[in-house]
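Q:
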Amino acid sequence: MEALTARPAVTVAWTLAGLCVLQVWWGTWVRKWYFEQNAHGTSEEIKITRAKAKGVWFARLREVVGFTLLATAVTNIVIVLFRAPLVSHHLQTGLLAATVAILTAFVPTFVFGYPALTSDMPALVNRLNWIRLFAELSPRNPVEWIVVYPAIGTVVGA
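Here the sequence shown is numbered in our numbering, starting from 2 and rising by one per residue.
1) Note down, one range per segment and in chain order, each alpha helix (DSSP H) of at least 4 residues found wholly within the segment 103-148.
2) For LEU138 and VAL75, what's the separation of their Cα atoms in angstroms?
3) Can you give me the C-alpha to C-alpha distance between ILE103 and GLY42, rounded to a whole angstrom?
4) Taking Cβ to Cβ, would you say ALA85 is nearer than 8 Å to THR94?
5) Express the C-alpha separation of VAL88 and LYS33 in angstroms, rounding to a whole number.
6) Considering only the beta carbon of each residue, do ALA10 and LEU97 sit closer than 8 Å?
7) Flag this pair as yes or no: are the beta carbons of VAL144 and THR110 separated by less than 8 Å?
8) Are the CB atoms of PHE83 and GLY28 within a distance shorter than 8 Å?
9) Mark THR105 as exposed unless 16 or more other C-beta atoms lie within 10 angstroms of its C-beta, in which case mark it buried.
10) Between the alpha carbons of ARG61 and ALA52, how many angstroms are there, rounded?
11) Excluding five sequence neighbours on each side, which residues of the same chain lie with their C-beta closer than 7 Å to the C-beta of THR12?
12) Alpha helix (DSSP H) containing LEU23: first to last residue?
13) Apart from the five residues just before and just after VAL149, which ones in its own chain have a Cβ nearer than 6 Å to its Cβ?
14) Which residues bound the alpha helix (DSSP H) around ALA52?
15) Anyone know if the C-beta pair for ALA99 and LEU23 falls short of 8 Å?
16) Buried or exposed: VAL31, going by 16 or more other Cβ atoms within 10 Å of its Cβ?
Written out as structure tokens, the structure is:
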């Protein structure tokens, strides 16, 4: 136990690395379940759509990482506004912000896509879906439940 508490920042950094691996794995599964739940059309159309979705996996992962970094910065600002030490413990505050951001933003962004501010119809529908899920707290199916409730639990527990 002493090895874990001797350098807590290193321990949290390794925990973050494990969280990243775990969230990619979990997000991939949830995205697959979400796709299967919302798949419409003939079996051939579903196979083509599934192949396209698998083809853009790395592009989606890049978007998710960018959105999670943005969420980390916003979470860091919120934590500092709650009077976390800014000068003396900036590393620990940043690691806490990264932990909260990974647990709250990574999987929803991986599954639903990030809420873009563009004015086209798919972006508007996606943004309204995010509002319904995280502002109104009204998931409609089990896949949305397993995305929303862990994020809420992370925020409440932090």
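All residues carry an ideal CB built from backbone N, CA and C; glycine is no exception.
A: On the basis of the data shown:
1) 122-131
2) Taking the first residue of the sequence shown as position 1, residue 138 is located at position 137. Taking the first residue of the sequence shown as position 1, residue 75 is located at position 74. Their backbone Cα atoms lie some 21 Å apart in a straight line.
3) Along the sequence shown, one-based indexing puts residue 103 at 102. Along the sequence shown, one-based indexing puts residue 42 at 41. Each residue's alpha carbon lies about 34 Å from the other.
4) On the sequence shown, position 84 is the one that residue 85 refers to. On the sequence shown, position 93 is the one that residue 94 refers to. Yes, these two residues count as a Cβ contact at 8 Å.
5) Locating residue 33 in the sequence shown gives position 32, where the first residue counts as 1. Locating residue 88 in the sequence shown gives position 87, where the first residue counts as 1. LYS33 and VAL88 have their C-alpha atoms roughly 43 Å apart.
6) Your numbering for residue 10 matches position 9 in the sequence shown. Your numbering for residue 97 matches position 96 in the sequence shown. Contact flag unset, no.
7) Residue mapping note: residue 144 aligns to position 143 of the sequence shown, counting from 1. Residue mapping note: residue 110 aligns to position 109 of the sequence shown, counting from 1. Remark: C-beta atoms of VAL144 and THR110 do not approach each other more closely than 8 Å.
8) The residue labelled residue 28 in the question sits at position 27 within the sequence shown. The residue labelled residue 83 in the question sits at position 82 within the sequence shown. No, the Cβ-Cβ distance between GLY28 and PHE83 is not below 8 Å.
9) Your numbering for residue 105 matches position 104 in the sequence shown. Buried, because 16 or more other Cβ atoms sit within 10 Å of the Cβ of THR105.
10) Mapped onto the sequence shown, residue 61 falls at position 60. Mapped onto the sequence shown, residue 52 falls at position 51. Note on geometry: alpha-carbon atoms of ARG61 and ALA52 lie some 14 Å from one another.
11) Looking up residue 12 in the sequence shown gives position 11. The answer, listed in chain order, is LEU5.
12) Taking the first residue of the sequence shown as position 1, residue 23 is located at position 22. Residue range 9-39 is occupied by the alpha helix (DSSP H) that includes LEU23.
13) Position 148 of the sequence shown, counting from 1, holds the residue named residue 149. Only LEU134, PRO140 meet the Cβ criterion.
14) Counted from its first residue, the sequence shown places residue 52 at position 51. Unbroken alpha helix (DSSP H) run through ALA52: 44-56.
15) Indexing the sequence shown from 1 puts residue 99 at position 98. Indexing the sequence shown from 1 puts residue 23 at position 22. No.
16) Against the sequence shown, residue 31 aligns to sequence position 30. Classification of VAL31: buried, given that the 10 Å Cβ count is 16 or more.
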